[in-house]
Each structure stands twice: as C-alpha cells, then as structure tokens.
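**Q** In my numbering, the protein residues as written are 201 to 491.
1. For residue 230, which residues of its own chain have a beta-carbon under 6 Å away from its beta-carbon, when the five flanking residues on both sides are left out?
2. CA-CA distance, residue 485 and residue 474?
3. What is the DSSP secondary structure of residue 326, reduced to helix, strand or coil?
4. Can you tell me whether residue 378 is buried or exposed, with buried defined as 16 or more other CB within 10 angstroms of its CB?
5. Is the beta carbon of residue 210 less than 7 Å from the beta carbon of residue 248?
6. Determine, using beta carbons only, whether residue 303 and residue 251 come nearer to each other than 7 Å.
7. Give me the Cα-Cα distance between residue 410 and residue 213, rounded to the nearest whole angstrom.
8. Does the beta-carbon of residue 387 have 16 or more other beta-carbons within 10 angstroms, so that it is buried, or is it exposed?
9. Note the first and the last residue of the continuous alpha helix (DSSP H) segment covering residue 424.
10. Between residue 440 and residue 451, what straight-line distance do the alpha-carbon atoms span, to the nearest angstrom?
11. Would you decide whether residue 255 is buried or exposed? Buried here means 16 or more other CB atoms lie within 10 Å of its CB.
12. Output the distance between the C-alpha atoms of residue 204 and residue 448, rounded to the nearest integer angstrom.
13. Kindly provide the ranges of any beta strand (DSSP E) runs that are 3 or more residues long and lie completely inside the segment 357-418, ordered along the chain.
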C-alpha cells in the first residue's frame, strides 16, 4: 500500500505552516512553469507533510497570476497523495458567518483566464468532476475540526470567480439566489487539476465576509478580510496539526476514484499521442501512461 503524504495549500493569510518537524524548503522544477513558491517539506507526528503557499510569501500573486498547473505538478512530484486547500471566501448564507469553516462538496467555475487542464492537443483526456471533493478527506477534516472545537459546516457549493475585483451587488445576489454557499477566487482550476493528477482533494473554505449581498453589512473590503484572516489562520493551523496527527499513515483508496481518475479518461490513441506533451505529463499521468 502507498504511504500517505499530506499536502497543504495555504491561501490568503497562510504563508507558512508552523509545527513542521525537520522542515526544509525544496525548489522542485516543473515542465509547466514556475510554481507559486518552493514547497516546504517536513512531518507532523511522523506523517510526511508538504506545504505550498498559493500566493507566495507576502501575498505576491493575485488569483489570476497563479500558475495552478505548476503548483499541482510540483505537489505530485513531491509525492502528495491527499491535498487540503485552505481558502478564504465570502459567504452567501446567514448561517455561515465570518469565522465559520465550510467543507464544500461542489464547485462552480466562473473563471476565464486560466489554464485549466494538463491535457490537450496531442493527448486528450476527460476526467469526471461530478464529485470533485474526496469524501474520505472531508470525514477526516470534520473529525479534526470537531476535536479542535472549530465551527465547521459539512457541505456547500463554492463558486469561483476570476477576480481580482470583488463581486458587484447584482453578481452577489445572483449567486445567492442560485443557492451557492461561498465565493472565492482560487479553487478553480485547482480542484480540476488535482483530479487530473489523481490527487485526492478537499477544500476548507474559511469565511471572512458576507460578500456584498447582506443588507446589514458593508460591501467587502480588504481591511475587513484582514481583520478576520488572522483568527481564521490560527484555527486553520490547529486544524491541520490535528488532522496530521490522526491521519492514516497508509493512503486509503478513494471511494470515488480520485486516485484512479485517469483509468477511463484518456481518449487519444497511443500512436497519436504527442511525445513532447507526454514528457510533461510524466508526473501527473505517469501511472497510467506507463501502464
């Protein structure tokens, strides 16, 4: 059985992961370009952990400038089997106020400027995104949150906007009326790419504001978000520490097949595949291409 390696992507306000034992930075090169930052390797209670700050230290990268393909590729090369995304978000629901964490189980992708697949001309693949989040990871995260006394909602839909501007009132009301739970700028195409790379993925959406739909709250601002971010970040770090301490040391097969997503996804005939593209897929699709 494969050893579990827990990956953590830190979103806004989470640029480091204290508590890593034997921590060291490693710059992993990727054929997909430059990732957000070098990964930080270490362990927690003996579990290998790999951390990547999505926006780089100091929040250098906007959501549209992040190289999502390179980020997922280097995490795959680092051996990550299970990936947790820690992400700040706005809320469309009264029962999800600032400070609440949400274990989302669905995504709506409203981005339009980002490379969203490792595959394309020369090697076409279609993975299923019907169930984009690993239910096994969500169970472990929920248990860790409960043990740490962190308020966490199980289930919800995350709509990913392009940004970097916040929503207009009309957009905010539209998303709320469509029944979406939270809004952010980073989890797409991240979740899609994790699926293509056969990495089990889950998001902890950390609510910082009510976007701009709420009649009793001002429109969202960076200052408002920063006030909540520090508290959310501390809770997220305690959540990760608890998760790592209790996480299985052997990778458990994903009940929805996230770790075997490419088994039925490749459609290009072997003799028609582009060797140059195949060489770039050595990490994310190596299991299936070498079969």
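Where a beta carbon is used, it is the ideal one built from N, C-alpha and C, also for glycine. All figures in this text were calculated on a predicted structure; none of them were measured in a lab.
**A** In short:
1. Within the chain shown, residue 230 is the residue found at index 30, counting from 1. 270, 273, 274, listed in sequence order.
2. In the chain shown, counting from the first residue as 1, residue 485 sits at position 285. In the chain shown, counting from the first residue as 1, residue 474 sits at position 274. Taking the straight line joining both Cα atoms gives about 14 Å.
3. Numbered from its first residue, the chain shown carries residue 326 at position 126. The answer is coil: DSSP assigns residue 326 none of H, G, I, E or B.
4. Position 178 of the chain shown, counted from the first residue, corresponds to residue 378. Under a 10 Å Cβ-count criterion, residue 378 is classified as exposed, with fewer than 16 other Cβ atoms of the shown protein chains found around its own Cβ.
5. The sequence position of residue 210 within the chain shown is 10, counting from 1. The sequence position of residue 248 within the chain shown is 48, counting from 1. For residue 210 and residue 248, no; Cβs fall outside 7 Å.
6. Taking the chain shown and counting its residues from 1, one reaches residue 303 at position 103. Taking the chain shown and counting its residues from 1, one reaches residue 251 at position 51. Result no, Cβ atoms of residue 303 and residue 251 do not sit closer than 7 Å.
7. Within the chain shown, numbered from 1, the residue matching residue 410 stands at position 210. Within the chain shown, numbered from 1, the residue matching residue 213 stands at position 13. Each residue's alpha carbon lies about 18 Å from the other.
8. As a first step, residue 387 is located in the chain shown; it is residue number 187 there, counting from the start. Classification for residue 387: buried.
9. Mapped onto the chain shown, residue 424 falls at position 224. Unbroken alpha helix (DSSP H) run through residue 424: 422-446.
10. Against the chain shown, residue 440 aligns to sequence position 240. Against the chain shown, residue 451 aligns to sequence position 251. Answer to the nearest angstrom: the Cα atoms are 17 Å apart.
11. As a working mapping, residue 255 is identified with position 55 in the chain shown. Label assigned to residue 255: buried.
12. The count along the chain shown starts at 1 and reaches residue 204 at position 4. The count along the chain shown starts at 1 and reaches residue 448 at position 248. Cα to Cα, the separation comes out at about 7 Å.
13. 357-361, 382-384, 400-409
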